[in-house]
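Enquirer: One structure is given below, represented as structure tokens, and several questions about it will come after.
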Amino acid sequence: MAGTFGNPEVVQEEVDILIIGGGMAACGAAYEIMPWIGAAKEAGVDI
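Dropping the structure here:
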């Protein structure tokens with residue numbers, strides 16, 4: 024039984040982040056960076 028994903032909304036933001044590699048560390052860094060970017064924007068940092 025295959026799952027259905029429908030039509031998910033894609034959000035694209037341009038940031039200068041370089042993540043090298045595709046292992047667990049790189050995937051974790053890519054996943055975790057967005058909350059840190061949100062916190063930086065709230066603190067007034069120009070991202």
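Residues in the sequence shown are numbered from 24 upward in steps of one, following my numbering. All residues carry an ideal CB built from backbone N, CA and C; glycine is no exception. Bear in mind the structure is a predicted one, so any value in this text is a computation, not a measurement.
What are the start and end residues of the alpha helix (DSSP H) that includes residue 51?
Expert: Run containing residue 51: 47 to 65, per the alpha helix (DSSP H) assignment.
Enquirer: Of the residues 66, 63, 57 and 62, which one's Cα is nearest the Cα of residue 35?
Expert: Comparing Cα positions, the closest option is 57.
Enquirer: Rounding to the nearest angstrom, what Cα-Cα distance links residue 67 and residue 28 in this structure?
Expert: So the two alpha carbons sit approximately 36 Å from each other.
Enquirer: Report yes if the CB atom of residue 70 is closer than 8 Å to the CB atom of residue 63, and no otherwise.
Expert: Yes.
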